[in-house]
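S.K.: Protein chains in written order, with numbering that gives the first Met the number 0: chain U, 0 to 132; chain Z, 0 to 117; chain S, 0 to 276.
Think of the CB as a built atom: it goes at the ideal place given N, C-alpha and C, for glycine as much as any other residue.
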Amino acid sequence: MEIQSCVTILNEWDIVAARQLGRNVAKELGFGTVDQARITTAISELARNIYLYAGQGQLCIDRLNEQGKTGLRIIAIDEGPGIPDIRKVMEDGFSTSGGLGAGLPGVRRLMDDFNIDSNPGEGTDIRATKWLR
Amino acid sequence: MRIPILKLKDCLLVSIQWELDDQTALQFQEDLLKKIHETNARGVVIDITSIDFIDSFIAKVLGDVINMSRLMGAKVVITGIQPAVAITLVELGIRLDDVMTALDLEKGLEKLQQELGD
Amino acid sequence: MHNEVIAHIKSRKSELIEKWIDRVKEDADERMVNVVSEQVFQGTSYEFFDLILLSLSEKDHEYKNKLQMFSEKVVRLGWPITFVVSGLRKFIHLVHDDLIEQGVVSKEREGEYLESLDEWLAPLSNEIIHTYASTWEKTVSLQKIALQELSAPLIPVVEHISIMPLVGTIDTERARLIMENLLDGVVSHRAEVVLIDITGVPVVDTMVAHHVIQAAEAVHLVGARCMLVGIRPEIAQTIVNLGIDLNKFITTSTLRKGMEKALEMTNRKIVELEGVN
Numbered sequence: 000m001e002i003q004s005c006v007t008i009l010n011e012w013d014i015v016a017a018r019q020l021g022r023n024v025a026k027e028l029g030f031g032t033v034d035q036a037r038i039t040t041a042i043s044e045l046a047r048n049i050y051l052y053a054g055q056g057q058l059c060i061d062r063l064n065e066q067g068k069t070g071l072r073i074i075a076i077d078e079g080p081g082i083p084d085i086r087k088v089m090e091d092g093f094s095t096s097g098g099l100g101a102g103l104p105g106v107r108r109l110m111d112d113f114n115i116d117s118n119p120g121e122g123t124d125i126r127a128t129k130w131l132r
Numbered sequence: 000m001r002i003p004i005l006k007l008k009d010c011l012l013v014s015i016q017w018e019l020d021d022q023t024a025l026q027f028q029e030d031l032l033k034k035i036h037e038t039n040a041r042g043v044v045i046d047i048t049s050i051d052f053i054d055s056f057i058a059k060v061l062g063d064v065i066n067m068s069r070l071m072g073a074k075v076v077i078t079g080i081q082p083a084v085a086i087t088l089v090e091l092g093i094r095l096d097d098v099m100t101a102l103d104l105e106k107g108l109e110k111l112q113q114e115l116g117d
Numbered sequence: 000m001h002n003e004v005i006a007h008i009k010s011r012k013s014e015l016i017e018k019w020i021d022r023v024k025e026d027a028d029e030r031m032v033n034v035v036s037e038q039v040f041q042g043t044s045y046e047f048f049d050l051i052l053l054s055l056s057e058k059d060h061e062y063k064n065k066l067q068m069f070s071e072k073v074v075r076l077g078w079p080i081t082f083v084v085s086g087l088r089k090f091i092h093l094v095h096d097d098l099i100e101q102g103v104v105s106k107e108r109e110g111e112y113l114e115s116l117d118e119w120l121a122p123l124s125n126e127i128i129h130t131y132a133s134t135w136e137k138t139v140s141l142q143k144i145a146l147q148e149l150s151a152p153l154i155p156v157v158e159h160i161s162i163m164p165l166v167g168t169i170d171t172e173r174a175r176l177i178m179e180n181l182l183d184g185v186v187s188h189r190a191e192v193v194l195i196d197i198t199g200v201p202v203v204d205t206m207v208a209h210h211v212i213q214a215a216e217a218v219h220l221v222g223a224r225c226m227l228v229g230i231r232p233e234i235a236q237t238i239v240n241l242g243i244d245l246n247k248f249i250t251t252s253t254l255r256k257g258m259e260k261a262l263e264m265t266n267r268k269i270v271e272l273e274g275v276n
């Protein structure tokens with residue numbers, strides 16, 4: 000069972016919209032305050048990546064219900080330049096934008112499951128899931 | 000929307016009351032530095048009790064503004080970081096080791112007073 | 000066929016029971032027989048026997064109640080499940096052997112009888128296994144809750160100082176809980192200094208150290224200071240050998256020293272009163 004809500008990321012304001020959507024869904028699913036903060040932060044990081052590197056894309060929130068487990072999945076998809084070296088962006092402290100370089104590895108630590116798929120020139124597809132304990 | 004910056008003796012007080020978007024955060028950085036310059040403030044307390052998450056961008060803006068203030072001779076104390084926010088920041092891998100922190104505005108002011116030596 | 004067998008069992012009850020108890024005892028763990036008095040052992044065996052008879056004579060309601068009570072009793076006595084189930088199997092074989100010995104059943108039909116006896120008693124053994132399993136499940140979930148409760152209490156000892164004693168192994172799940180309790184406690188007790196006491200943590204590896212360091216960083220963010228106390232010599236050795244950097248921490252070997260330091264940090268000290276009787 001999956002119910003999906005999406006936000007199209009075109010400008011900075013959409014980042015705010017995406018994290019508000021995520022926080023509402025997290026609250027609705029019964030996540031505690033710490034997990035809400037983790038999810039909101041992860042969404043903010045992923046949405047900002049779309050805005051900064053691809054210019055535009057989609058950020059979707061799935062409500063998951065698998066084998067009696069409830070979860071929330073963040074899906075960030077863009078058709079931007081893609082990531083040439085995934086291993087490198089998953090290293091702590093690597094940044095091309097002058098940020099803190101905490102982005103993707105940070106998101107992986109905040110969430111339970113993390114999956115990234117990217118081809119140069121074709122875009123990037125990132126999925127990160129948090130399960131309700 | 001701009002974040003109001005209040006002056007109290009030789010300190011500046013800032014209380015961030017709503018979710019920061021990127022523009023507001025950058026605007027705040029600019030406003031605070033300008034205000035430090037105008038008032039010759041020696042200390043700043045930024046209270047973020049109402050903030051329920053901080054991502055790496057906002058963390059960077061905050062970290063930058065602290066370093067910039069220090070360059071201008073003002074010490075900054077961040078107060079009221081919520082437990083959920085602290086946990087997220089640590090897990091995200093953001094270090095704010097040399098930032099001064101306090102539980103709330105009152106303790107923040109006390110700490111600043113101690114640091115400034117009066 | 001049922002009635003025939005039931006009648007036979009009933010008529011030979013005392014002989015069967017004695018034989019059965021002998022056979023079962025051969026199998027019983029010595030420790031178990033010693034723990035349970037002879038009387039209880041005999042009593043329970045009789046009860047079990049009656050129960051089997053009852054299960055054969057189809058008084059459904061009464062049987063179900065008794066079965067449940069019996070299963071719970073055996074579980075409480077702490078008899079291993081293998082023992083109880085094998086007791087049941089022994090009963091089947093015993094009755095079967097006896098039926099043949101006494102000439103109730105002819106050689107040709109013995110397989111048939113064994114099969115139907117087996118069928119009769121299958122629900123009984125299922126129920127017993129089920130009771131065991133659900134008792135275990137209940138115990139496990141209760142223990143889990145109990146473990147969570149004693150997982151990470153934050154104790155406000157004196158104003159501005161709180162202590163979190165950690166006992167037992169720390170895994171990722173517990174580390175999360177510890178972190179959340181710690182930070183919520185610091186904010187609600189308005190603590191300035193928190194002492195994390197690891198005297199009761201058996202092993203401090205890189206993972207545990209990593210969690211403790213994260214907790215200390217988070218404590219710093221909410222505006223308090225964190226101290227690590229209860230570092231035993233072997234823990235100090237492992238920490239250094241593993242190359243874990245705890246230099247940013249204030250650490251002490253005992254809770255007492257830590258407490259003195261914490262008081263010092265909050266501008267207080269313990270004074271002995273003189274001249275007071």
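(1) Just to confirm before moving on: does the CB-CB distance between Leu194/S and Gly257/S stay below 8 Å?
(2) Taking buried to mean at least 16 other C-beta atoms within 10 Å of its own C-beta, is Arg47/U buried or exposed?
(3) For chain S, check one thing: does any of its Cβ atoms lie closer than 8 Å to the Cβ of Val33/U?
(4) Is the distance from the Cβ of Ile53/Z to the Cβ of Ile15/Z below 8 Å?
(5) Between Thr78/Z and Gly116/Z, is the Cβ-Cβ spacing less than 8 Å?
(6) Going by DSSP, name the residue or residues bridged to Gly42/Z.
(7) Helix, strand or coil for Met116/U per DSSP?
(8) With the cut-off set at 8 Å, would you say Ile49/U and Asp124/U are in Cβ contact?
(9) Indicate whether Ile8/U and Ala25/U have their beta-carbon atoms separated by less than 8 Å.
(10) Would Leu109/U and Ala41/U be called neighbours here (beta carbons separated by less than 8 Å)?
(11) Identify the continuous beta strand (DSSP E) that holds Asp77/U and give its terminal residues.
(12) Could you pull the start and end residues of the alpha helix (DSSP H) that Thr237/S belongs to?
(13) Starting from the Cα of Val73/S, find the closest Cα among Gln147/S, Thr130/S, Ser161/S and give me that residue.
(14) Could you spell out where the beta strand (DSSP E) holding Val192/S opens and where it closes?
(15) Shortest alpha-carbon distance to Val200/S belongs to which of His188/S, Arg231/S, Asn180/S?
(16) Could you tell me the distance, in whole angstroms, from the CA atom of Asp49/S to the CA atom of Gly67/U?
(17) Since Lys106/Z meets chain S, which of its residues come closer than 7 Å, beta carbon to beta carbon?
(18) Where do the N-terminal and C-terminal ends of the alpha helix (DSSP H) with Ser252/S fall, by residue?
(19) Can you list, in chain order, the residues of its chain whose CB lies under 8 Å from that of Ser4/U, leaving out five sequence neighbours each side?
(20) Please check if any C-beta of chain Z sits within less than 8 Å of the C-beta of Thr7/U.
(21) Measure the C-alpha to C-alpha separation of Gly42/Z and Val75/Z and round it to an integer number of angstroms.
(22) From the beta carbon of Leu95/Z, is the nearest beta carbon of chain U less than 8 Å away?
(23) Can you look up Met68/S in the DSSP assignment and give me helix, strand or coil?
(24) Helix, strand or coil for Asp61/U per DSSP?
(25) Which residues, taken in chain order from the stretch 162-180 of chain S, show a beta carbon closer than 9 Å to some beta carbon of chain U?
(26) Considering only residues of the same chain and omitting the five flanking positions on each side of Glu114/Z, which have a CB-CB separation below 6 Å?
(27) Can you check which of these residues, Gln213/S, Thr81/S, Ala214/S, Lys268/S, is closest to Ala132/S by C-alpha distance?
(28) Going along chain Z in order, which residues have a C-beta closer than 7 Å to the C-beta of Leu182/S?
(29) Taking CB distances under 8 Å as the criterion, tell me whether Ser119/U reaches chain Z.
(30) Closer than 8 Å is the cut-off here; do at least three beta carbon pairs connect the stretch 4-14 of chain S with the stretch 86-98 of chain Z?
(31) Compare the Cα-Cα distances from Glu121/U to each of Pro80/U, Arg86/U, Val106/U and report the closest residue.
M.R.: Reading from the atomic positions:
(1) For Leu194/S and Gly257/S, yes; Cβs fall inside 8 Å.
(2) The residue is buried, with at least 16 neighbouring Cβ atoms inside 10 Å.
(3) Interface residue, yes.
(4) No, these two residues do not count as a Cβ contact at 8 Å.
(5) No, the pair does not count as a contact, with Cβ atoms beyond the cut-off.
(6) Cys10/Z, Lys74/Z, per the DSSP bridge assignment.
(7) First, the amino acid is wrong: residue 116/U is Asp here, not Met. DSSP places Asp116/U in strand when its eight states are reduced to three.
(8) It is not a contact, given that the beta carbons lie outside the stated cut-off.
(9) Taking the C-beta atoms as reference points, Ala25/U is found no nearer than 8 Å to Ile8/U.
(10) Remark: C-beta atoms of Leu109/U and Ala41/U approach each other more closely than 8 Å.
(11) Per DSSP, Asp77/U belongs to the beta strand (DSSP E) from 68-77.
(12) 232-240 is the extent of the alpha helix (DSSP H) around Thr237/S.
(13) Nearest C-alpha to Val73/S: Thr130/S.
(14) Val192/S: member of the beta strand (DSSP E) spanning 192-199, first to last residue.
(15) Of His188/S, Arg231/S, Asn180/S, the residue nearest in Cα terms is Arg231/S.
(16) Per the coordinates, the alpha-carbon of Asp49/S lies some 42 Å from the alpha-carbon of Gly67/U.
(17) Result: Gly222.
(18) Per DSSP, Ser252/S is not a residue of any alpha helix (DSSP H), being assigned neither H nor E.
(19) Correct list, in chain order: Leu20, Val24, Cys59, Ile60.
(20) By this cut-off, Thr7/U is not an interface position.
(21) Those two C-alpha atoms are separated by around 6 Å.
(22) Contacts with chain U at 8 Å (Cβ-Cβ) do not include Leu95/Z.
(23) Here Met68/S sits in helix by DSSP.
(24) Three-state result, Asp61/U: strand.
(25) From the stretch 162-180 of chain S, only Glu172, Arg175, Met178, Glu179 have a Cβ closer than 9 Å to chain U.
(26) These residues qualify, in order along the chain: Lys74.
(27) Closest by alpha carbon: Thr81/S.
(28) Residues of chain Z with a Cβ closer than 7 Å to the Cβ of Leu182/S are, in chain order, Pro82, Ala85, Ile86.
(29) First, the amino acid is wrong: residue 119/U is Pro here, not Ser. Taking Cβ atoms only, chain Z never reaches closer than 8 Å to Pro119/U, which makes this a no.
(30) For the pair of segments examined, the stretch 4-14 of chain S was found not to touch the stretch 86-98 of chain Z: the number of CB pairs separated by less than 8 Å stays below three.
(31) Nearest option by C-alpha distance: Pro80/U.
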